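Novice: The listed protein sequences correspond, in order, to chains U and S.
Note that the first sequence covers residues 0 to 1037 in numbering that gives the first Met the number 0.
Note that the second sequence covers residues 0 to 83 in numbering that gives the first Met the number 0.
Even for Gly, the Cβ is constructed at its ideal location relative to N, Cα and C.
The structure displayed is predicted, hence computed values, not measured ones.
Take this structure first; my questions come after.
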Amino acid sequence: MNSYVELHCHSNFSLLGGASHTEDLVRRASELGMAALALTDHDGLYGAIPFYKACLKVSIKPVVGAEMTLKNGHHITLLAKNNRGYSNLCQVITEAQLKHGKGNPALDFEDLACHSDGLVCLAGCRRGEIASLVLSGDMEKAQEVASRYMDIFGRDFYVEVQNNLYPEDRHLCRALIGLAKNLGLAYVTTNNVHYATSEGHRLQDVLTCIKHRTTLDKCRCLRLNSEFYLKSYDEMALLFQNYPEAVSNTLAIAEKCNVSLNFSGYRFPDLSLPQGETPASYLAKLCWQRVHDKYRNLNPEIEARVNYELNLIKKLGLSGYFLIVWDIMDYASRNDIPAQGRGSAANSIVAYILGITKVDPIKNKLFIGRFLNEEMSSIPDIDIDISTTHREKLIQYVYNKYGREHAAMVSTYVTFQARSAIREVGKALGMPAYILDRMAKSVSTYDARDVLKDLAAMKEFQRYLTLAPWQEFVSLCRQIADFPRHLSIHNGGMVISSCPLTNIVPVEKATMPGRVVCQWDKDSVADAGLIKVDLLGLRMLSVIDETRKLAEQNHGIQLNLDELLLDDKEVYDMICRGDTIGIFQVESRAQMQTLPQTKPRCIEDLTIETALIRPGPLQGNMVHPYIRRRKGLEKVTYPHPKLKPILEDTLGVLLFQEQVIQVAVTIADFSPGEADSLRRAMSRKRSSGAMSEMKQRFIEGARKNGVNIEAANRIFATIQGFAQYGFCKSHAAGFALLCYQSAWLKKYYPGEFYCALLNNQPMGFYSPEVIVRDAKRHGIEILPVDINKSSAKCTVEDGKVRLGFMYIKGMGDKVTNQIVAERKKAHYPSLDDFYSRTRLERRLVENLILSSAFDSFSCPKRQLLWQLGFLEKKRPRELPLKFSDVKVSLPNLSELEEMKFDYEIEGLSTKYHPMQVLRKQISSDGLLKSSELKYLFHNTQVRMAGYVITRQKPATAKGFAFLTLEDEDGMINVVVKPGIYNKYRQVFRLEPIIVVEGVIQKREENLNIIADVLIPLRKESERQNTMYTDSLSSANRA
Amino acid sequence: MSKLFQRAIRIQVSEGVHHEPVMLLYRGRQEKVAKILKQWRVTRRWWSKGIQREFFQIRTEAGVVGELYRDLLTGTWYLQRVYD
């Protein structure tokens, strides 16, 4: 039969090796009429699931395999013949990955021999052991090795022959086929595919350079030609015209490979239960035991809800799953680990009673159908937020509880995006580094496909783009878009399984000791039907916990934040002012602008606020109607009177996903499951046929329910327009609680709060320097590092925050511990004493001096640096000698120098604001301070200079961009219209300090500058100098 | 031993169906290709002056062994090397 199947094919999951996406390879194979295609990435099954799905979509048989690296460095190709073979393939990959160093998998021959059942083995490419021996002329040894494989795999061992039109290929093929015939072995051809079409060779060369950190000109390991693409039957038949069997055997092998990646037999492990209990009975028992902890007065509504959910959970077979999550949360609670369930799980009263979530679904009117319903086909995710500092402890608990064979972290791929593509592709092509740096910093798109469009919009780069090498560059950036760059670890996803996980997916070492990671990302895990529990690190939980502990310690109190009454007027007043830096979920520029308008006064308002200011609602035009109604500028109306109870809390505006479900249930008599399917269908792009069918059902249901067709159509259109942007109310309610707690702590324990914020960076919207200045504005003094007072982390001293050594560049744990341990013996009275006791390297002591750590010795910094030079020369235990004759008088550091060193070493300055220092260097002529703007009228023309603390160009803002500038007095928002943005794009994106000219816009309590001109501050000084010299010269001329 | 031409010599070649050399004109003599000993393809330096060549190591009926290539961009043939 005239057919060829490619059995040796690498996708871009052979990281920095393959140059095509799995989907593109499958599409090309389909175009070539291949009946099947194998995927054989290096030492892994990273791409198995997307490959499998893509094959089924175009009715090609997927053959799952891998090209393995043996311990002796040679390659072999393994293909799974059946599910037993697939499981063995996972095993051998895992063995190869776990027994050797991370990133250097190597398969022992013995492990291969133990797990050969169900596998087809091809002898490998020219780096295969047999081919290498043939090339070196050792035919005898080659036959011996082939016999060894034959003993293991029998008729499933094939000699692999490739002709990639390399000089020695014809000879190699002839010799290998001769060897196969001598031993009575079958042989098969493959093409060692690395890209779908021959054009892909360019990108493959670039990937090779990226891998070896070199340029195309310097790289010595590029392939000789572009023959490693998916070839047609005709091309392969011509290359192997003397060996037709080599081609026909590809089909024979594909026919015997039948793997189904359907893991319906997969189950999550059972928790060990007390005698006589089933998961369902034990879950019910736990719930009824604990229900009184949450509800002091049980009423029929609560009882009915608990019973309903317990029955539903039992019916869906999820009791065991709930128990596993409860067990994790119970461990967290017993060990004082701050954690809470997030997402739709908070709709469940069972989750609330068991302590998995913290939001009361009855009080918050949360609808269970969004989380659980009778018709659901997949298992709902329960995601848990955990204090970042404690997360590892919980992860290790899960590993230990279920065993490393049954639990693994989910992986994630760091992929090429616009910036990384520009830098790495450009470097490989040998483009000048400074241009690449400018380009990478200038692009606003994240998608590497849009690099050309983005760069072409900037005058600075237009001339490059007319040149052939740069055209090649942008084309390669487009091609490399979304290619996986390297494997990383998912933020918190863990897969747990009752059967050994390595029967389903290979696992490998993670960078962090003691962790293993499975080779699939979250999408593959979900597509394979595995359950993952997300243990997500949430720094705000760490901040809240740390603030609480510091407050308890410093004020001698006991704080139970879960019992806060959530009604503190002063807390809401602070939020309503937009004074929210550091407060969870409401600290962004957009939130700060909205809060004075929506004025949240209770926790329900905060729930709405958390869900409202997001790209989705903004795009869905929900924000402004809500704000207008909230302010009483627009009448609250409902699409139908029946919807009033559902939409009342959000003033008639659809805001939450739960509301969509409730609308479909109320109006069209959908069951909760059907309504949730409708919501899901609307939130994704589904076929218009399926959608019109659903619409028909909706209209019909509405009609039967007494709603007229016109109204039904209108309601359907409303929910359709909204569904893709909606937010889950239970999730918002959970976040609103943390928002309130963090605001309450900021209000009443600001010193402790800022201290904890500084200890948990990076997090939130703002950098530590902005937090430091916000603290100062709130009257909290931030003290510099002090060699006798600072700890590793920041600390609170009499309501002031003392910076920790962690903020000093180069100070690791080891050095910090050394300083602190030595200090415990006796304080450091001088630099001399400090240096002789610690003997730290010079660079670190310099950093300590420059960051003011020795200021308490009342000796200027330059003088200390001078002293350090002498101390360095002094050997330990040498008798002290006073060099009185070498004392010199050194000038003190200027303000500018001090600030520069502060920023270089600590990334912030406790003493200076950049504007406070730089303002002295420019004339104040016409340049206003942020504090002066509030006294001016709307539409007044102003000029102001500030340090940029945020710059945003949201995709949802129709081309508008936003800056937040800060000077020594405060912050101001700048709105940049699309035309102005295009004109000053580079200033907007790259300059640290900007002078803005524009008009004041005053709305409610918000004050913005609508920019006309943006100038870098350095140019402002130049301009003023020029004006000065110009005026001098014109005066002279006059 | 072989003679590698510093600059490959442009020669005339009659091609077969798959562009393989069948006959070549060398030093004014027509040489029929008796056997293709090796065949390989080179695609390099695509980022500057790209090279795309198909090489053949051949033996002529007169027993001369040589290497020639077809420039895949222009279709012209060159003699690269002649073995003694």
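What is the DSSP secondary structure of A1034 of chain U, reduced to helix, strand or coil?
Specialist: Here residue 1034 of chain U refers to the residue found at position 1035 of the first sequence. Any reading at A1034 of chain U must be qualified, since the residue scores a pLDDT of 47, below 50, and its modelled position is unreliable; the value itself is stated next. Residue state, collapsed to three classes: helix.
Novice: Give a yes or no on whether 8 Å exceeds the smallest Cβ distance from S231 of chain U to chain S.
Specialist: Translated into the one-based positions of the first sequence, residue 231 of chain U becomes position 232. Not an interface residue.
Novice: How many Å lie between G340 of chain U and A279 of chain U at the Cα?
Specialist: Residue mapping note: residue 340 of chain U aligns to position 341 of the first sequence, counting from 1. Residue mapping note: residue 279 of chain U aligns to position 280 of the first sequence, counting from 1. Answer to the nearest angstrom: the Cα atoms are 21 Å apart.
Novice: From what residue to what residue does the beta strand (DSSP E) around K101 of chain U run?
Specialist: Numbered from its first residue, the first sequence carries residue 101 of chain U at position 102. Counting along the chain, K101 of chain U falls outside any beta strand (DSSP E), and DSSP gives it neither H nor E.
Novice: So, helix, strand or coil for L71 of chain S, using DSSP?
Specialist: Taking the first residue of the second sequence as position 1, residue 71 of chain S is located at position 72. Three-state DSSP puts L71 of chain S in coil, outside helix and strand.
Novice: So which residues on chain S does R169 of chain U lean against when the C-beta distance must stay under 9 Å?
Specialist: Within the first sequence, the letter at position 170 stands for residue 169 of chain U. Per Cβ cutoff of 9 Å: I35, L36, K37, Q38 and W39.
Novice: Can you tell which of U:L250, U:V192, U:R169 and U:I176 has the C-alpha that lies nearest to the C-alpha of I59 of chain U?
Specialist: Start at 1 with the first residue of the first sequence, and residue 59 of chain U comes out as number 60. It is U:L250 whose Cα lies nearest to the Cα of I59 of chain U.
Novice: Considering just the uninterrupted stretch of the alpha helix (DSSP H) at C476 of chain U, what are its terminal residues?
Specialist: Along the first sequence, one-based indexing puts residue 476 of chain U at 477. Per DSSP, C476 of chain U belongs to the alpha helix (DSSP H) from A467 to I479.
Novice: Going along chain S in order, which residues have a C-beta closer than 9 Å to the C-beta of E423 of chain U?
Specialist: Locating residue 423 of chain U in the first sequence gives position 424, counting from the first residue. By Cβ distance, chain S contributes nothing, its closest Cβ being about 15 Å from E423 of chain U, past 9 Å.
Novice: Taking only beta carbons into account, state which residues of the region 201–225 of chain U come closer than 7 Å to chain S, listed in chain order.
Specialist: Within the region 201–225 of chain U, the residues whose Cβ lies closer than 7 Å to some Cβ of chain S are R201, L215, L223, N224 and S225, listed in chain order.
Novice: Can you pull the chain U residues whose beta carbon is under 9 Å from the beta carbon of T73 of chain S, in chain order?
Specialist: Translated into positions along the second sequence, residue 73 of chain S becomes position 74. Near T73 of chain S there are no residues of chain U at all, since even the closest Cβ is about 17 Å away, more than 9 Å.
Novice: From the DSSP output, in three-state form, read off W45 of chain S for me.
Specialist: By one-based count along the second sequence, residue 45 of chain S stands at place 46. Residue state, collapsed to three classes: coil.
Novice: Between N1035 of chain U and the rest of its own chain, which residues show a CB-CB distance below 7 Å, the 5 nearest in sequence each way excluded?
Specialist: Sequence index remark: in the first sequence, residue 1035 of chain U carries index 1036 (1-based). Only weak support is given to the placement of N1035 of chain U: the predicted model assigns it a pLDDT of 48, under 50, and the value that follows is read from those uncertain coordinates. Same-chain partners within the cutoff: there are none.
Novice: Nearest-angstrom Cα distance between L24 of chain U and F227 of chain U?
Specialist: Walking along the first sequence from the start, residue 24 of chain U turns up at place 25. Walking along the first sequence from the start, residue 227 of chain U turns up at place 228. So the two alpha carbons sit approximately 12 Å from each other.
Novice: Quick check: G319 of chain U and D380 of chain U, are their CB atoms within less than 8 Å of each other?
Specialist: As a position in the first sequence, residue 319 of chain U is number 320, starting the count at 1. As a position in the first sequence, residue 380 of chain U is number 381, starting the count at 1. Contact flag unset, no.
Novice: Excluding the five sequence neighbours on either side, which residues of its own chain have a C-beta within less than 6 Å of the C-beta of A1037 of chain U, listed in chain order?
Specialist: To locate residue 1037 of chain U, count along the first sequence from 1; it is residue 1038. Low confidence applies to A1037 of chain U: its pLDDT is 43, below 50, so where it sits in the model is not reliable, and the reading given next is rough at best. Taken in chain order, the list of residues that qualify is empty.
Novice: Assuming the contact rule is C-beta atoms closer than 8 Å, D526 of chain U and I993 of chain U should be a hit. Round their C-beta distance to whole Å, please.
Specialist: Along the first sequence, one-based indexing puts residue 526 of chain U at 527. Along the first sequence, one-based indexing puts residue 993 of chain U at 994. Not confirmed; about 47 Å, so no contact.
Novice: Does the region 583–600 of chain U come close enough to the region 691–701 of chain U to have 3 or more Cβ pairs within less than 8 Å?
Specialist: Contact between the region 583–600 of chain U and the region 691–701 of chain U is absent, because fewer than three Cβ pairs lie under 8 Å.
Novice: Could you work out which residues of chain S lie near P468 of chain U, taking near to mean beta carbons separated by less than 8 Å?
Specialist: Locating residue 468 of chain U in the first sequence gives position 469, where the first residue counts as 1. Residues of chain S passing the Cβ test: W46.
Novice: Going by the beta-carbon positions, is the gap between A406 of chain U and I336 of chain U smaller than 8 Å?
Specialist: Locating residue 406 of chain U in the first sequence gives position 407, where the first residue counts as 1. Locating residue 336 of chain U in the first sequence gives position 337, where the first residue counts as 1. Contact: no.
Novice: Return the CA-CA distance between V119 of chain U and T93 of chain U, expressed in angstroms with no decimal places.
Specialist: In the first sequence, counting from the first residue as 1, residue 119 of chain U sits at position 120. In the first sequence, counting from the first residue as 1, residue 93 of chain U sits at position 94. V119 of chain U and T93 of chain U: Cα-Cα distance of roughly 18 Å.
Novice: State the DSSP-derived secondary structure class of C793 of chain U, mapped to helix, strand or coil.
Specialist: As a working note, residue 793 of chain U is residue 794 in the first sequence. Coil, per DSSP.
Novice: When DSSP builds the beta bridges, which residues end up paired with E996 of chain U?
Specialist: For the purposes of this step, residue 996 of chain U is identified with residue 997 of the first sequence, where counting begins at 1. For E996 of chain U, which the question treats as bridged, DSSP gives the partners U:R942 and U:V1012.
Novice: Look at the Cβ atom of I770 of chain U, then the Cβ atom of T909 of chain U, and state whether they are nearer than 8 Å.
Specialist: Along the first sequence, one-based indexing puts residue 770 of chain U at 771. Along the first sequence, one-based indexing puts residue 909 of chain U at 910. Their beta carbons are not under 8 Å apart, which means I770 of chain U does not touch T909 of chain U by this criterion.
Novice: Kindly say whether T42 of chain S, judged by its beta-carbon, lies nearer than 8 Å to any beta-carbon of chain U.
Specialist: Working through the second sequence from its first residue, we reach residue 42 of chain S at position 43. So yes, T42 of chain S belongs to the interface.
Novice: Considering only the beta carbon of each residue, do E751 of chain U and N553 of chain U sit closer than 8 Å?
Specialist: Mapped onto the first sequence, residue 751 of chain U falls at position 752. Mapped onto the first sequence, residue 553 of chain U falls at position 554. Yes.
Novice: Given a cut-off of 8 Å on the beta-carbon distance, is the pair D566 of chain U and C517 of chain U in contact?
Specialist: Position 567 of the first sequence holds residue 566 of chain U. Position 518 of the first sequence holds residue 517 of chain U. Contact flag unset, no.
Novice: Between N248 of chain U and Y186 of chain U, is the Cβ-Cβ spacing less than 8 Å?
Specialist: Indexing the first sequence from 1 puts residue 248 of chain U at position 249. Indexing the first sequence from 1 puts residue 186 of chain U at position 187. Yes, the Cβ-Cβ distance between N248 of chain U and Y186 of chain U is below 8 Å.
Novice: If the criterion is Cβ atoms closer than 8 Å, does the pair L892 of chain U and V916 of chain U meet it?
Specialist: The sequence position of residue 892 of chain U within the first sequence is 893, counting from 1. The sequence position of residue 916 of chain U within the first sequence is 917, counting from 1. For L892 of chain U and V916 of chain U, no; Cβs fall outside 8 Å.
Novice: Can you grab the Cα-Cα spacing for the pair Y980 of chain U / L435 of chain U, in whole Å?
Specialist: On the first sequence, position 981 is the one that residue 980 of chain U refers to. On the first sequence, position 436 is the one that residue 435 of chain U refers to. Distance between the alpha carbons of Y980 of chain U and L435 of chain U: 22 Å.
Novice: Select from the region 12–30 of chain S all residues with a C-beta closer than 8 Å to any C-beta belonging to chain U, and list them in chain order.
Specialist: If the cut-off is 8 Å between Cβ atoms, the region 12–30 of chain S has H17 near chain U.
Novice: Taking only three categories from DSSP, how would you classify G62 of chain S?
Specialist: Residue mapping note: residue 62 of chain S aligns to position 63 of the second sequence, counting from 1. Three-state DSSP puts G62 of chain S in coil, outside helix and strand.
Novice: Could you give the residue range of the beta strand (DSSP E) that holds N181 of chain U?
Specialist: By one-based count along the first sequence, residue 181 of chain U stands at place 182. Not the beta strand (DSSP E): N181 of chain U falls in the alpha helix (DSSP H), residues D168 to L182.
Novice: Applying a beta-carbon distance threshold of less than 9 Å, which residues of chain S neighbour P166 of chain U?
Specialist: For the purposes of this step, residue 166 of chain U is taken as residue 167 along the first sequence, with counting starting at 1. Those are K37, Q38, W39, F54 and Q56, listed as they occur along chain S.
Novice: Given this structure, state the Cα-to-Cα distance separating N363 of chain U from I378 of chain U, to the nearest angstrom.
Specialist: Stepping through the first sequence from its first residue, residue 363 of chain U is reached at position 364. Stepping through the first sequence from its first residue, residue 378 of chain U is reached at position 379. Rounded to the nearest angstrom, the two C-alpha atoms are 24 Å apart.
Novice: Please tell me whether Y234 of chain U has its Cβ less than 8 Å away from any Cβ of chain S.
Specialist: The residue given as residue 234 of chain U occupies position 235 in the first sequence. Residue 234 of chain U is actually Glu in this sequence, not Tyr. Taking Cβ atoms only, chain S never reaches closer than 8 Å to E234 of chain U, which makes this a no.
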